[in-house]
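In terms of the numbering used here, the sequence shown opens at residue 579 and continues consecutively. Backbone N, C-alpha and C fix where the C-beta goes; we use that ideal spot for every residue, glycine too. One structure is given below, encoded as structure tokens.
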Amino acid sequence: MPRPTHITINLGALKHNARVARSLSDDKKMMAAVKANAYGHGLSACAHALAPVMDAFAVAVCEEATELREMGIKQPILILEGPFDLDDCHTIIKNKCWTVIHSFEQIELLEGLSASDKLALADSLWLKLDTGMHRLGIAISDITTALSRLRSLGIDTPTLVTHLANAERQDSSLNLEQLKKWREVTQGLSMPTSLLNSAGLIHHLSSECDWHRLGYMLYGGSAAARMDITPLLPVMAMNSEVMALRSIPAGDSVGYGGRWTAERDSMIATIAVGYGDGYPRTARNGTPVYIDGQICPLVGRVSMDMITVDVTDHASVRVGSAAQLWGDKVSVDTVAEHAQTIGYELLTRLPDRIPRQLIDEA
Ligand SMILES: Cc1ncc(COP(=O)(O)O)c(C=O)c1O
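Below, the structure is given as structure tokens:
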């Protein structure tokens, strides 16, 4: 019997979530964010499953776009960080990609291209505006200059794009400030626009845009409070089994550093998964683990290859009982919350050693 620890990727759930996104998107176009290996879910399988439903794809960097083209993806691909150098510009042109331009340094790169390369990029540019997140984008006060420099390159109607810093919080005043600036800038310009990510769409933060850029919701993550009424399905599940079981007396401690001490005589199940498999080492005592049909609390520090769980109240647990670390029984966001991080991080930092299985069930 091989080590039972594995991940399942449910492409049926991915397609279901894309249909939910479509139903929320009205007549807007949808772009699937598949950067960072499709948020850890596997680029090729996810891109092919999403291709029939999505209008375009978004990646962070040129290399990811090249991978998508080599896999046979034909839709437009937007590069969210844009070119770092002239080689990137040539890769973008060769792969017939779209690119974000977020700075005057990048406009300067475009100015260094040949006339035919400039022409090739004319309909592919997305100009990023900094409406308040202060991470990337042209300052509002510099937009006229940026647009006029693009115009002299033959780029008259870039798609305008911005990113909201706090879309997860529907009531955030930062959203209101960013949306106000966005409206002021875009209303006077007749150019296509792109504004919302998953949480922004779920929270209906605005309908003033042509393109949604959606990532986390496609994978079934609940970055927004309204997920309880948005029927998304988790695409990834992390599974393992109980590999050892022992009873310990009250007063004994468990695991490295003896971080947890039993207050009563206890039954401790050891599960074959650890931070070497991508389970977060920072998970606190009490992080929920689903074992043999029950939610049980993690106790003791997460090791590289194992965790320990208090199953005292669940007499049916045996060596070989199935355990789900995250998936449909325990959401990755809940585990992340117990580990002081976000689900995005857990999903995107899975190591190669954990085997993967693709399924297609909705
Ligand atoms: C610029 C930009 N747009 C869209 C997205 C997609 O966001 P989400 O995965 O929350 O839908 C991201 C994700 O990091 C992003 O950086």
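Taken atom to atom, the span from the alpha-carbon of SER702 to that of VAL910 is near 36 Å. Using a 10 angstroms sphere on the CB of TYR617, the tally of other CB atoms reaches 16 or more, which defines it as buried. Not one heavy atom of ligand 1 lies closer than 7 Å to the C-beta of ASN595.
ILE846 sits in a strand when the DSSP states are folded into three classes. CA-to-CA, the gap between PRO929 and ARG581 works out to about 15 Å. Beta-bridge analysis with DSSP links ASP888 to ILE846. In the three-state reduction of the DSSP assignment, ALA610 falls in the strand class. Burial is judged here by how many other beta carbons sit within 10 angstroms of a residue's own beta carbon; ALA828 has fewer than 16 and is exposed. Of the candidates SER800, SER768, MET795, SER768 places its Cα closest to the Cα of GLU786.
The beta carbon of LEU664 sits closer than 8 Å to the beta carbons of LEU687, GLY690, LEU691 from its chain, once the five residues preceding and following it are set aside; these are given in chain order.
Here GLU746 is buried. Its C-beta has 16 or more other C-beta atoms within 10 Å. For THR890, the CB contacts under 6 Å within the same chain, skipping 5 residues up- and downstream, are SER844, MET845 in chain order. Counting along the chain, the unbroken beta strand (DSSP E) around HIS584 starts and ends at 584-588. The alpha-carbon of GLN653 is positioned some 5 Å away from that of ALA634. Secondary-structure assignment with DSSP links ASN817 through a beta bridge to HIS584, GLN902. The continuous beta strand (DSSP E) containing TYR868 extends over residues 866-869. Judged by their CB atoms, ILE587 and MET814 are nearer to each other than the 8 Å cut-off. The three-state reading of DSSP puts THR839 in strand, counting E and B together. The residue from VAL639, SER603, LEU752 with its alpha-carbon nearest to that of PHE662 is VAL639. Leaving aside the five residues that flank ALA743 on each side, the residues in its chain whose CB is nearer than 6 Å to its CB run, in chain order, MET711, LEU752. Pairing ILE826 with ALA636, the inter-Cα distance amounts to about 51 Å.
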